[in-house]
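Adding 27 to a residue's 1-based position in the sequence shown gives its number in the working numbering. Cβ coordinates follow ideal geometry from the N, Cα and C atoms, glycine included. Data first, discussion second: the structure below is written as structure tokens.
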Amino acid sequence: METWDAIRARRNVRTYRDRPIATADLDRILDAGRRAPSARNTQPWEFIVVTGRDQLIELARVWQGARHIAHSAATIAIAAPLSTDDRQAGLIQYDLGQASMAMAIAAADLGIGSGHAAVADQNLARTLLGLPSTHFLAYLLALGYPADKPLVPLTRPDRRSLATVVHRERW
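Shown next as structure tokens:
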């Protein structure tokens with residue numbers, strides 16, 4: 028798939044076919060996240076790949092909106108160092124967003140759907156994933172082949188129009 032097609036085909040997928048993802052495809056998705064830009068090239072991310080069904084079911088409990096994690100073929104847990112500096116914490120969040128989007132687009136390019144989730148229960152996440160006390164679990168990125176329809180470029184996305192989003196020179 029071309030990059031523009033992958034961007035237009037990417038959508039939040041939260042129901043998945045019962046089909047594993049090849050290790051080479053998972054590695055490609057992870058490599059896309061690793062290659063994402065970051066402030067001062069700090070690369071603050073750590074990726075934990077979870078594919079075991081029992082572990083995915085437990086991981087889905089870290090947030091009430093993460094139920095789809097239990098049914099994914101794989102989920103990437105995205106962790107980062109804790110920071111007491113507000114500016115650094117903001118940069119880390121921005122960097123993690125870039126890594127997440129790079130992985131979601133790489134997945135779409137392979138026909139693999141993705142659905143992100145937040146994390147509320149850091150203690151459970153720490154227990155399940157063995158995170159060190161210096162890090163927190165920021166996000167989950169569930170992956171799997173869509174159960175409803177394959178990923179294809181959307182011609183009418185549920186998005187605000189370009190004219191309402193873009194301001195030129197000034198607001």
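To the nearest angstrom, how far is it from the Cα of residue i to the Cα of residue j?
i           : j           : result
residue 39  : residue 98  : 14 Å
residue 186 : residue 192 : 10 Å
residue 112 : residue 119 : 11 Å
residue 163 : residue 32  : 33 Å
residue 80  : residue 150 : 20 Å
residue 188 : residue 67  : 33 Å
residue 56  : residue 48  : 11 Å
residue 196 : residue 114 : 27 Å
residue 183 : residue 52  : 28 Å
Spatial neighbours of residue i within its chain, please: CB distance less than 6 Å, with the 5 preceding and 5 following residues excluded, ordered by chain position.
i           : result
residue 59  : 129, 130 and 133
residue 75  : 104 and 156
residue 153 : none
residue 44  : 172 and 174
residue 63  : 125, 126 and 129
residue 148 : 89
Given a cut-off of 7 Å on the beta-carbon distance, is the pair residue i and residue j in contact?
i           : j           : result
residue 90  : residue 145 : yes
residue 87  : residue 93  : yes
residue 36  : residue 159 : no
residue 171 : residue 140 : yes
residue 135 : residue 123 : no
Could you pull out every residue in the same chain whose Cβ sits closer than 8 Å to the Cβ of residue i, ignoring the five residues on either side in sequence?
i           : result
residue 127 : 60, 105, 143, 166 and 168
residue 46  : 100, 171 and 172
residue 30  : 132 and 136
residue 177 : 138
residue 73  : 105, 106, 107 and 162
Name the DSSP beta bridge partners of residue i, please?
i           : result
residue 39  : 141
residue 170 : 101 and 141
residue 156 : The partner list for residue 156 (beta bridge, DSSP) is empty, contrary to what the question assumes.
residue 194 : Answer by DSSP bridge pairing: none, since residue 194 is not bridged.
residue 178 : None, per the DSSP bridge assignment.
residue 164 : 106
For residue i, is the beta carbon positioned less than 6 Å from some heavy atom of the ligand MN?
i          : result
residue 36 : No copy of the ligand MN appears in this structure; indeed no ligand is present at all.
Given residue i, which residues of its chain have a CB within under 7 Å of its CB, disregarding the five upstream and five downstream residues?
i           : result
residue 83  : 77, 96, 97, 99 and 102
residue 175 : 42
Original post:
Which residue spans inside the segment 45–130 form an unbroken alpha helix (DSSP H) run of at least 4?
Top reply: The qualifying runs are 50–61 and 80–86.
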